[in-house]
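Trainee: My structure is below; once you've seen it, I'll send some questions.
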Amino acid sequence: MSTHKNERRGNPPFQFRLDPELRELMEEAQQQDGDESLAAWIKRIIRKELQSRGSEPKN
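As C-alpha cells, this is what we get:
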C-alpha cells in the first residue's frame, strides 16, 4: 500500500487560451520589463491593476 498522497502543494494553476498575437505582445512586454516569466509578468500586472482599484492582495 502506498503512503503517497495526491495532494497538490501551493496554489492551483490557472489556465486560459491566448491569441498568438496577444501572447507575442505580452512576451515582448515581459522581456522589456525584465520579468523572469510570462506568468510572473501577468501576476505583477494584475496586482498593479488591483492596487489601482483599491484592492490589496493579502500576500
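FYI, the numbering for the sequence shown is 493 to 551, going by the numbering used here. Where is the CB? At the ideal position from N, CA and C, for every residue including glycine. Computed from a prediction, not measured in an experiment: that's the story for all the values here.
Please classify glutamine 522 as buried or exposed, where buried requires at least 16 neighbouring CB atoms within 10 angstroms.
Mentor: For this step, residue 522 is matched to residue 30 along the sequence shown. Looking at its Cβ environment, which holds 16 or more other Cβ atoms inside 10 Å, glutamine 522 is buried.
Trainee: Taking only the alpha-carbon atoms, compute the straight-line gap between glutamate 520 and glutamine 543 and give it to the nearest angstrom.
Mentor: Translated into the one-based positions of the sequence shown, residue 520 becomes position 28. Translated into the one-based positions of the sequence shown, residue 543 becomes position 51. If I take the Cα positions, the gap works out to 24 Å.
Trainee: Measuring alpha carbon to alpha carbon, tell me which of Lys540, Leu530 and Arg536 ends up nearest leucine 510.
Mentor: As a working note, residue 510 is residue 18 in the sequence shown. The shortest C-alpha separation from leucine 510 is found at Leu530.
Trainee: Please state the DSSP three-state secondary structure of arginine 501.
Mentor: Stepping through the sequence shown from its first residue, residue 501 is reached at position 9. Here arginine 501 sits in coil by DSSP.
Trainee: Quick check: what's the CA-CA separation for arginine 545 versus arginine 501?
Mentor: Counting from one through the sequence shown, the residue named residue 545 turns up at place 53. Counting from one through the sequence shown, the residue named residue 501 turns up at place 9. About 30 Å.
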